[in-house]
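All letters in the sequence shown, in the order written, are residues 47 to 273 by the numbering used here.
Cβ coordinates follow ideal geometry from the N, Cα and C atoms, glycine included.
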Amino acid sequence: MLTIKGLTFSSQKTLMVKIGKEAKCAFILNSISGNEKHNLQVNSQEDSQPTVHDLALLTEQVTGVPVSFQKLIYKGKSLKEMEQPLSTLGVKNGCKVMLIGKRNSPEEETELKKLKVLEKSVEQLAKKIDEVNKDLREIQKDFLAKNNQTEALSQLDKRIKGTAEQFMKILEQIDAIILPDNFNDSKQKKKGLVKKVQAFLAQCDTVEGNIGQEMDKLQSKNMVLAE
47 MLTIKGLTFS SQKTLMVKIG KEAKCAFILN SISGNEKHNL QVNSQEDSQP
97 TVHDLALLTE QVTGVPVSFQ KLIYKGKSLK EMEQPLSTLG VKNGCKVMLI
147 GKRNSPEEET ELKKLKVLEK SVEQLAKKID EVNKDLREIQ KDFLAKNNQT
197 EALSQLDKRI KGTAEQFMKI LEQIDAIILP DNFNDSKQKK KGLVKKVQAF
247 LAQCDTVEGN IGQEMDKLQS KNMVLAE
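Shown next as structure tokens:
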């Protein structure tokens, strides 16, 4: 367990976090609305040493700065490896860690939540690509009886096309989210999500092409056997 004490040095979304020796210490944040004081402790999620991720989660709870938009700095170096224990980075009682980030407005948080919901849908849908690929590899390795391969490939073709259609629908939902110019975090999130969906659509095209090749090979073999 580590306890932290923080103090901002400006109103420009930059604050300092100090790892303190006390069992409980105040985290003081000078924001536009005034001073906020919180009693905080950095606890690990499991029976292990607190990690950068533990610190980032706690910082998000207190400051409202999302983990994905935080930049934690210790001795001039960014703490990027979320699963690393703070102790291995030299962060211990008495050390200071700087956080650079900003709170989002309630309105922007609403839009971010919409994008996060869509992101989860994308991640779940991506698993279907892996499933189709797995089934295709089994056919390529002749794990399926020859007389069943044509129907199996046809079903895989339908599945991957259906998956691509679902990705397109999600892409339409993302495009339908109109963001004000000042919602920078949401715009960044939206842009990244669009790229992710486009990458999965490209994977769908590749898989569909591979299925088509297997269908052509099987058709050629059947024609030879029929002669």
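Residue i versus residue j: straight-line alpha-carbon distance, rounded
i, j, result
"Leu103", "Leu264", "53 Å"
"Thr105", "Ala222", "32 Å"
"Lys64", "Gly147", "Because Lys64 carries a pLDDT of 47, less than 50, the predicted location of this residue cannot be relied on, and no value is offered for it."
"Phe229", "Lys237", "12 Å"
"Ser266", "Thr196", "12 Å"
"Gln107", "Val143", "17 Å"
"Ser167", "Glu127", "26 Å"
"Asp262", "Asp176", "22 Å"
"Leu135", "Gly122", "12 Å"
"Lys180", "Glu129", "30 Å"
"Asp188", "Thr109", "57 Å"
"Ala72", "Glu169", "For Ala72, the predicted model reports a pLDDT of 32, less than 50, meaning its position is unreliable and no value from the coordinates is stated."
"Asp227", "Pro152", "16 Å"
"Glu218", "Gln249", "18 Å"
Closer than 8 Å to chain B by CB, residue i
i, result
"Asp231", "Protein chains in the displayed structure number just one, and chain B is not present."
Within 8 Å, strictly: CB atoms of residue i and residue j
i, j, result
"Ile206", "Glu260", "no"
"Thr209", "Lys233", "no"
"Leu145", "Leu118", "yes"
"Ile220", "Leu239", "yes"
"Asp231", "Phe115", "yes"
"Leu199", "Ile257", "yes"
"Gln95", "Ser133", "yes"
Inter-residue CB distance, residue i and residue j (contact presumed, cutoff 8 Å)
i, j, result
"Leu158", "Asn150", "7 Å"
"Val178", "Val253", "6 Å"
Candidates the options, of which the one nearest residue i by Cα
i, options, result
"Thr97", "Pro131, Glu127, Ser114", "Pro131"
"Leu292", "Thr156, Pro112, Lys142", "One cannot answer for residue 292 here, as it falls past the ends of the chain, which runs 47 to 273."
"Gly255", "Leu202, Val143, Tyr120", "Leu202"
"Lys235", "Asp176, Tyr120, Pro112, Asp100", "Pro112"
"Tyr120", "Asp181, Asp227, Leu101", "Leu101"
"Lys204", "His99, Asn193, Lys187, Leu182", "Leu182"
>> Quick test of the definition: if touching needs 3 or more C-beta pairs under 8 Å, does the region 214-232 touch the region 241-259?
In response: Counting C-beta pairs with one atom in each stretch, the region 214-232 and the region 241-259 have three or more that are closer than 8 Å, which means they touch.
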